[in-house]
Each structure stands twice: as structure tokens, then as C-alpha cells.
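Asks: The opening residue of the sequence shown carries number 5 in this note's numbering; numbering runs sequentially from there. All C-beta atoms in this analysis are idealised placements derived from N, C-alpha and C, irrespective of residue type, glycine included. Since the model is a prediction, treat every value here as computed from it, not as a measurement.
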Amino acid sequence: MKALVFQGPGQTSWEDVPDPGIKDAADAVIRVEAVTICGTDLHIIKGDVPEVTPGTVLGHEAVGEVVEVGSDVRTVRPGDRVLISCIAACGRCGFCRENRYGQCRGGGGWVLGHLIDGTQAEYVRVPFADLSVHPLPSAVTSEDAVLLADIFPTGYEVGVLNGHVRPGDTVVVVGAGPIGLATIATAQLYTPGRIIAVDLAESRLEAPRSMGADAAVSAAEDPEQLVMDLTDGLGADVVVEAVGVPEAFEQCTRMVRPGGHVANVGVHGKPAALHLEDLWIKDVTITTGLVDTHSTPLLLRMMAAGRLPAASAMVTHRFELGQMEEAYEVFSGAAHTGALKVVLGGAKHDEVNVAA
């Protein structure tokens with residue numbers, strides 16, 4: 005099969021690799037129908053995630069058709085159309101029993117495209133299939149569903165829930181990429197008083213408004229002063245960092261009010277300064293986290309009911325699967341291309357023969 009292979013920092017190739025097979029009785033092999041690229045993939049290519057070794061197939065978000073399952077798999081079977089979660093869960097360790105699948109110690113967690121071959125390929129082996137893939141209702145298209153593999157659960161769990169967004173809050177989201185937009189969309193479920201989006205790229209300031217932000221401001225236009233003006237000098241109740249660079253994190257800590265929350269979502273490859281000389285007295289809560297995807301079934305039901313934005317609101321570029329390298333060029337050059345989310349493949353789901 006063809007797959008995008010990480011060859012070391014700054015190097016990838018779309019090349020022939022062996023087809024995946026069942027290695028464990030809990031595995032499923034899935035034919036990839038729609039796949040996308042994550043900002044985390046860009047961090048891997050930059051060398052920010054040293055656990056990813058050369059020769060690894062990248063990617064951790066996809067929708068596809070089950071073609072083979074191990075003898076222990078009970079919830080899906082060949083022919084089923086499924087969402088592949090970015091997080092695998094053994095279901096047995098202490099963290100999994102607390103729904104903290106991202107911290108799984110039984111062989112799961114973030115493994116796809118990280119510790120084992122991932123989804124940016126024609127086929128992928130998914131471990132712990134009973135908890136790591138989700139059958140899709142016919143009402144949800146593949147292009148919509150792939151947004152539930154990572155960005156919506158991440159924005160909701162690591163941004164909104166960790167940030168404790170409440171009715172009437174002033175919420176600031178720093179970073180208007182896909183994760184930031186998903187945070188904005190799901191924050192509205194808690195009726196905050198206002199949502200302010202901040203981004204360095206002017207091309208990304210329109211999308212937050214379409215997703216429900218009340219204001220979108222360039223990082224070069226003193227967003228800190230805007231937040232203080234809007235909150236009578238107090239600061240925001242919740243500030244979400246969705247970029248993954250030290251400057252963004254430090255800016256978030258300057259914009260939060262006493263007693264407020266800073267929820268870090270971004271993937272950081274460099275140290276960030278924690279100014280405790282300013283923060284120690286402010287009763288600020290700072291959270292970090294890897295998504296657990298415990299909310300995926302809930303978000304899937306909401307998407308099927310039309311309660312979440314469709315892919316058309318976020319997907320700006322579409323490619324064939326074989327155009328993976330071109331898709332990476334467009335996605336990594338978002339400041340110039342205007343790319344938000346890119347989707348490759350995306351065949352209509354009625355082309356899949358679901359087993360009776």
C-alpha cells in the first residue's frame with residue numbers, strides 16, 4: 005500500500021510500505037476512506053516529538069471501512085464504516101477505568117502515527133478496536149466524521165472542560181486554527197458571555213467569527229489590552245492556548261483574571277516561561293492535557309443531530325489520498341494558503357457495503 009512515512013526531521017515520503025495485518029486479537033484493519041492532517045503532525049516533522057522514529061507512518065485521524073478484525077473484537081465487523089479515534093484505549097488499566105484514555109498504560113493512548121504506524125495510508129491497523137473505533141450513523145458524512153477523530157474532542161475536553169467554561173464567562177482562545185475553532189464551537193454549549201479569538205495570521209481572523217466568536221483580533225494588535233478593556237481591567241475568565249509556542253502561552257497567562265483558568269491545548273516543542281512572580285498571588289489554575297476522547301460518543305450524537313458545525317465550515321482544501329505531499333504543503337503554509345482543515349479521500353459513505 006501507499007503511506008506517508010516520516011524519515012526524520014524535515015523529511016517525509018509518500019511511498020510503498022507493507023500492508024498492515026492483525027497482530028493482536030483486539031486489532032482491526034481498516035481501509036482508509038477519509039483522512040486529515042493535524043498540527044501535531046507538523047510538530048512531528050519539525051522534530052518536536054522525538055518519540056516518533058524514522059520509518060513511522062504518520063497520521064492519527066481517519067474514517068474508513070473495517071476489512072478484518074481479530075478474534076476478540078466484538079463491537080465492529082468487516083464492512084462497518086467507522087471513525088478511528090486518535091486515542092486507543094486498552095480498557096483495563098487504572099487510567100482507562102477513569103476514562104483517561106490518553107494516559108493509558110496498557111498499550112494504548114496516543115499511539116497511531118506516534119509509536120506505531122498511523123492513518124495517513126491506504127490501510128491502517130488499529131489496536132483495541134472495541135474502544136478505539138466508533139461505528140458511524142448514516143446521517144454523518146465521512147468528511148464531517150473525521151473532525152471527531154481529534155479536533156472536536158480535543159477542543160472540548162482539553163480546552164472547554166479543563167478550562168471550566170461557565171455561563172457568562174469571557175473566553176479567549178489564542179490560536180484560530182482547527183483546534184481553536186473547535187474550542188470556540190464547543191465553548192458555546194456553555195453560553196459564555198463573549199468569546200474572543202486571537203491569531204497571528206490575518207487570514208485566520210474571519211473563520212472564528214463564522215464559528216461563533218464575538219471578536220477576532222490579530223496577535224499584533226495588542227489583544228491583551230482589548231481583553232482588559234472588555235473586562236474592566238479584570239482579565240478573561242478562561243484563556244485557551246491553542247498554538248503551542250512559548251509566546252502564546254505566556255500571553256495567555258497575562259490575559260487571565262484572578263481566579264481564572266488557563267487551559268493549554270497546544271503541542272509545545274520548546275520551554276515556556278512560567279512567571280510565578282506575577283501568578284502566585286492570582287489563584288490561577290493552569291491545566292495541560294492530552295485528549296482522552298471520552299467525549300467522542302457524545303459529540304458524535306451531537307453531530308448526527310446537527311448540533312455541531314459541519315465540515316464545510318472548517319475544511320478549506322480537499323485532495324485525493326495520493327496527493328498527501330501536496331496537502332502537507334498547503335496545510336503547513338496556512339498563513340499564505342488560508343488552509344484551516346484539509347481532508348484527503350472522503351468517498352461518499354453510501355459506496356461502502358455494510359454487512360447485514
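#1: Quick one: complete alpha helix (DSSP H) runs, 4+ long, within the segment 191 to 244?
#2: How is LYS6 classed by DSSP in three states: helix, strand or coil?
#3: Based on Cα-Cα distance, which residue from GLU251, LEU193 and VAL128 lies nearest to LEU204?
#4: Looking only at its own chain, which residues have a Cβ that is under 7 Å from the Cβ of GLN11, when we skip the five neighbours before and after it?
#5: Closest to GLY349 by C-alpha separation, out of TYR105, HIS340 and GLN327, would be which residue?
#6: Who pairs with TYR160 in a beta bridge, going by DSSP?
#7: Reducing DSSP to helix, strand and coil, say where ALA125 ends up.
#8: Going by the beta-carbon positions, is the gap between GLN124 and LEU62 smaller than 7 Å?
#9: Report buried or exposed for LYS50, applying the criterion of at least 16 other Cβ atoms within 10 angstroms of its Cβ.
#10: When burial is assigned at 16 or more other CB atoms within 10 Å of the CB, is ALA7 buried or exposed?
#11: Going by alpha carbons, who is nearest to GLU3 out of GLY342, VAL334, TYR332 and PHE323?
#12: Since ALA240 and VAL176 are thought to touch, with beta carbons under 8 Å apart, how far apart are those beta carbons, to the nearest angstrom?
#13: For PHE323, does the three-state DSSP call read helix, strand or coil?
#14: Below 8 Å on the Cβ atoms is my guess for ALA267 versus VAL242; work out the distance and round it to an integer in Å.
#15: Hey, could you find the ends of the beta strand (DSSP E) ARG4 is sitting in?
#16: Name the one or two DSSP bridge partners that GLN15 has.
#17: In the DSSP output, what is ASP20 paired with across the bridge?
#18: Under a three-way DSSP split, which group does VAL346 fall into?
#19: Is it right to say ASP20 is buried, meaning 16 or more other beta carbons lie within 10 angstroms of its own, or is it exposed?
#20: From VAL137 to TYR194, what does the alpha carbon distance come to, in whole angstroms?
#21: Whole angstroms is fine: what's the gap from TYR127's alpha carbon to GLU72's?
#22: Does the beta-carbon distance from VAL221 to MET259 come in below 7 Å?
#23: Provide the residue span of the alpha helix (DSSP H) that contains VAL334, from first to last.
#24: Suppose contacts are defined by Cβ-Cβ distances below 7 Å. Is THR187 in contact with GLY159 by that definition?
#25: Could you compute how far the alpha carbon of ILE199 sits from the alpha carbon of ASP218?
#26: State the start and end residues of the unbroken alpha helix (DSSP H) segment that holds PRO250.
#27: What is the rounded straight-line gap between the Cα of PRO212 and the Cα of GLN255?
#28: LEU48 lies in the alpha helix (DSSP H); which residues open and close that run?
#29: What does the alpha-carbon distance come out to for the pair ARG96 and GLU161?
Replies: Taking the geometry as given:
#1: 210 to 214 and 227 to 234
#2: strand
#3: GLU251
#4: Counting only Cβ-Cβ distances below 7 Å, and skipping sequence neighbours, we find SER17 and PRO58.
#5: GLN327
#6: Paired residues: none, contrary to the question.
#7: Residue state, collapsed to three classes: strand.
#8: yes
#9: The Cβ neighbour count for LYS50, taken over all protein chains shown within 10 Å, is under 16; the residue is labelled exposed.
#10: buried
#11: No answer is possible for residue 3: the residues shown for the chain start at 5 and end at 360.
#12: 4 Å
#13: strand
#14: 7 Å
#15: A query on residue 4 cannot be resolved here, the shown segment of the chain reaching from 5 to 360 and no further.
#16: In the DSSP assignment, the residues bridged to GLN15 are GLY12.
#17: LYS6
#18: strand
#19: exposed
#20: 28 Å
#21: 11 Å
#22: no
#23: 328 to 336
#24: Their beta carbons are under 7 Å apart, which means THR187 touches GLY159 by this criterion.
#25: 5 Å
#26: DSSP places PRO250 in the uninterrupted alpha helix (DSSP H) bounded by 250 to 259.
#27: When rounded, the separation of the alpha-carbon atoms in PRO212 and GLN255 is 19 Å.
#28: The amino acid occupying residue 48 in the given sequence is Ile; Leu does not appear at that position. That run of the alpha helix (DSSP H) goes 43 to 50.
#29: 22 Å
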